[in-house]
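Below is one structure, written out as C-alpha cells; the observations come after it.
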Amino acid sequence: MADSIYDEIEIEDMTFDKDRNLYTYPCPCGDRFEILLDDLREGEEIAVCPSCSLMIRVIFEAVSLVFFPRCAVSCGVYEG
1 MADSIYDEIE IEDMTFDKDR NLYTYPCPCG DRFEILLDDL REGEEIAVCP SCSLMIRVIF
61 EAVSLVFFPR CAVSCGVYEG
C-alpha cells in the first residue's frame, strides 16, 4: 500500500467539516481527500479521494484527537 500513497499531510494542514465530522484536503484531480474523525480515532491514517485512486497518509498524534473539537477553532483546523 505504501506505493499507493500520493503524499503525507499533517492534520493541521487539512480542513475540518464539523457538520460531517470529516477532514478534507485538496486532491490534484480537483476533488478532495477525505477521512472521518472517528476513523482517525480508531487508528486509520489513510485519506482517500472519492474521484480517483490517490490516497494520502495523515500525520497526527492520537492524543491530539482527544481534545477535539474543543481545540478545533483555536487551533485553526475548524472551517465552516
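Residue numbers are given in full-length UniProt numbering: position 64 of the sequence shown equals residue 64, and the series is strictly consecutive.
The beta carbon of each residue, even a glycine, is placed where N, CA and C say it ideally should be.
* Give the DSSP-derived three-state secondary structure of arginine 32 in the structure shown. => Translated into positions along the sequence shown, residue 32 becomes position 32. Strand, per DSSP.
* To do: Determine the direct distance from the alpha carbon of alanine 62 to that of isoleucine 46, and round the result to whole angstroms.
  => The residue you call residue 46 lines up with position 46 of the sequence shown. The residue you call residue 62 lines up with position 62 of the sequence shown. When rounded, the separation of the alpha-carbon atoms in isoleucine 46 and alanine 62 is 14 Å.
* Expressed to the nearest angstrom, what Euclidean distance is found between the alpha-carbon atoms of glycine 30 and methionine 14? -> Looking up residue 30 in the sequence shown gives position 30. Looking up residue 14 in the sequence shown gives position 14. Computed Cα separation, rounded: 15 Å.
* Coarse secondary structure for aspartate 13, derived from DSSP in three states -> As a first step, residue 13 is located in the sequence shown; it is residue number 13 there, counting from the start. The answer is helix: DSSP assigns aspartate 13 an H, G or I state.
* Asked: Is it buried or exposed for isoleucine 11, if we count other Cβ within 10 angstroms and need 16 for buried?
  -> The residue you call residue 11 lines up with position 11 of the sequence shown. By the Cβ neighbour-count rule, isoleucine 11 is buried, with 16 or more other Cβ atoms within 10 Å of its own.
* Select from Phe16, Glu34, Arg41, Asn21 the residue whose C-alpha is nearest the C-alpha of serine 53. => In the sequence shown, residue 53 corresponds to position 53, counting from 1. Nearest of Phe16, Glu34, Arg41, Asn21 to serine 53, Cα basis: Glu34.
* Asked: What is the DSSP secondary structure of arginine 57, reduced to helix, strand or coil?
  -> Position 57 of the sequence shown, counting from 1, holds the residue named residue 57. In this structure, arginine 57 counts as strand in the three-state DSSP scheme.
* Endpoints, the alpha helix (DSSP H) within which arginine 41 is located -> To locate residue 41, count along the sequence shown from 1; it is residue 41. Residues 37-41.
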